[in-house]
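Following: one structure in structure tokens, then a few remarks.
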Amino acid sequence: MNLKKIRNEKALSIRALSELADVPQRTIEDIERFDRCKVDTAIKLADALQVTLDELCRNTDGAE
Numbered sequence: 001m002n003l004k005k006i007r008n009e010k011a012l013s014i015r016a017l018s019e020l021a022d023v024p025q026r027t028i029e030d031i032e033r034f035d036r037c038k039v040d041t042a043i044k045l046a047d048a049l050q051v052t053l054d055e056l057c058r059n060t061d062g063a064e
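Under full-length UniProt numbering, the residue at position 49 of the sequence shown is numbered 49, and the numbers go up by one with no gaps.
Shown next, in the form of structure tokens:
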């Protein structure tokens with residue numbers, strides 16, 4: 001998942017993204033740390049970041 005990368009590119013803090021997406025800060029921290037989340041949460045985050053789910057969830061580190 002590219003959440004941290006995209007969030008940093010858009011110069012958003014975890015708190016700011018939390019408010020934009022209506023997702024708890026702890027949830028965002030956990031997603032960035034463990035690289036998984038529920039589909040409905042991913043949709044909220046993608047909408048707030050103005051990216052597609054594919055852009056948000058695509059694996060870019062070469063792992064499967």
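By construction, the Cβ of each residue, glycine as well, lies at the ideal position given by its N, Cα and C atoms.
Can we say the segment 52-60 touches the segment 25-34, given the rule of at least three CB pairs closer than 8 Å?
As far as the Cβ criterion goes, the segment 52-60 does not touch the segment 25-34, which means the pair count is below three.
Quick check on S18: does DSSP put it in helix, strand or coil?
Residue numbering aside, residue 18 sits at position 18 when the sequence shown is read from its first letter. Helix, per DSSP.
Judging by CA-CA distance, which residue of K10, C57, E9 is the nearest neighbour of F34?
In the sequence shown, residue 34 corresponds to position 34, counting from 1. Cα-wise, what sits closest to F34 is C57.
What do you get for A48, buried or exposed, if any count of 16 or more other CB atoms within 10 angstroms of its CB means buried?
As a working note, residue 48 is residue 48 in the sequence shown. Label assigned to A48: buried.
Count the other CB atoms within 10 Å of the CB of A42; is the residue buried (16 or more) or exposed (fewer)?
To locate residue 42, count along the sequence shown from 1; it is residue 42. That one is buried.
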